[in-house]
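Numbering (this note's numbering), first residue to last: 5 to 223.
Each remark here refers to the structure printed beneath this line.
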């Protein structure tokens with residue numbers, strides 16, 4: 005059984021900080037607040053401010069569950085492949101907690117500030133998350149749980165390695181482009197680039213893994 009570590013304590017504190025911030029700001033929040041934002045970053049759904057407590061607790065709770073899943077991944081992997089990736093899983097777990105914590109703070113800020121553009125922050129955070137995932141993905145070992153898990157990558161370690169080298173580069177490049185585009189370009193252009201980039205990051209590695217399989221298939 006893994007012991008409670010300093011990193012676990014940091015993850016717990018980071019996750020609970022947004023909840024503390026919400027309760028600190030709660031008396032100053034209006035009775036009706038935005039609880040959902042459209043793709044343009046503008047609110048499209050409003051609820052009583054008590055709903056924020058539910059939303060943020062669920063969000064942080066999910067991040068804690070992901071963190072625990074990453075922490076104990078090697079214990080549930082039937083072939084113990086996760087042992088080779090445990091340090092990467094730990095990093096991914098803490099990043100997910102940080103990401104969700106920032107989103108929770110953004111929700112509180114958007115509820116208290118009428119002209120706060122949550123979309124700008126969320127798109128930039130997504131770009132930074134892609135950059136981190138790209139760095140993580142570049143050298144990740146074969147895994148049943150994380151990565152480009154196609155029949156061809158799971159069957160062949162060389163296919164896995166080549167596919168994830170490509171995916172890592174695409175995620176880093178895509179994350180940089182998405183972040184810059186959202187900060188420097190008009191809203192519509194930034195959103196368009198986000199979805200095009202996301203499609204490329206997902207589809208190209210999957211297609212590449214199949215092409216690699218066909219190219220190296222025994223005659």
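Where a beta carbon is used, it is the ideal one built from N, C-alpha and C, also for glycine.
What does a CB cutoff of less than 7 Å around residue 63 pick up in its chain, not counting 5 residues either side in sequence? Along the chain shown, read from residue 1 onward, the residue named residue 63 stands at position 59. Taken in chain order, the residues that qualify are 104, 107, 108.
Helix, strand or coil: how does DSSP classify residue 154 here? Reading the chain shown from its first residue, position 150 is the one you call residue 154. Note: residue 154 maps to coil in three-state DSSP.
For the alpha helix (DSSP H) holding residue 222, just list the boundary residues, first then last. As a first step, residue 222 is located in the chain shown; it is residue number 218 there, counting from the start. No alpha helix (DSSP H) holds residue 222; DSSP gives it neither H nor E.
For residue 161, report the span of its beta strand (DSSP E) as first-last. Stepping through the chain shown from its first residue, residue 161 is reached at position 157. Element bounds for residue 161: not the beta strand (DSSP E) but the alpha helix (DSSP H), 161-188.
Assuming contact is defined by CB atoms lying nearer than 8 Å, are residue 116 and residue 32 in contact in what I supplied? What you label residue 116 is simply residue 112 of the chain shown in a count that begins at 1. What you label residue 32 is simply residue 28 of the chain shown in a count that begins at 1. The answer is yes: Cβ separation under 8 Å.
So, for residue 170: in the same chain, excluding its five sequence neighbours on each side, which residues have a beta-carbon less than 8 Å away from its beta-carbon? As a working mapping, residue 170 is identified with position 166 in the chain shown. The residues are 208, 209, 212.
Checking the sheet assignment: what are the DSSP bridge partners for residue 52? For the purposes of this step, residue 52 is identified with residue 48 of the chain shown, where counting begins at 1. Residue 52 is bridged to 36.
Every unbroken alpha helix (DSSP H) inside the stretch 117-146 [4 residues or more]: 122-142
Sorted by chain position, which residues of the same chain lie with C-beta nearer than 6 Å to residue 47's C-beta, five sequence neighbours on each side aside? Stepping through the chain shown from its first residue, residue 47 is reached at position 43. Cβ neighbours of residue 47 beyond the five flanking positions: 38, 41.
With a threshold of 6 Å on Cβ separation, who are the neighbours of residue 197 within its own chain once the five nearest residues in sequence on each side are excluded? The residue labelled residue 197 in the question sits at position 193 within the chain shown. Taken in chain order, the residues that qualify are 185.
Limits of the alpha helix (DSSP H) - the one that residue 19 falls within: Working through the chain shown from its first residue, we reach residue 19 at position 15. Here the alpha helix (DSSP H) through residue 19 covers 10-29.
Thinking just about the alpha-carbon of each residue, which of 23, 51, 75, 49 is nearest to the one in residue 7? Taking the first residue of the chain shown as 1, we reach residue 7 at position 3. Among 23, 51, 75, 49, the Cα nearest to that of residue 7 belongs to 75.
Per-residue DSSP class, three states only, for residue 198: Along the chain shown, one-based indexing puts residue 198 at 194. Three-state result, residue 198: helix.
Taking residue 54 as the reference, which of 66, 120, 30, 129 has the closest Cα? Position 50 of the chain shown, counted from the first residue, corresponds to residue 54. Minimum Cα distance to residue 54 is reached at 30.
Hey, residue 70 and residue 23: beta-carbon distance below 8 Å or not? Locating residue 70 in the chain shown gives position 66, where the first residue counts as 1. Locating residue 23 in the chain shown gives position 19, where the first residue counts as 1. No, the pair does not count as a contact, with Cβ atoms beyond the cut-off.
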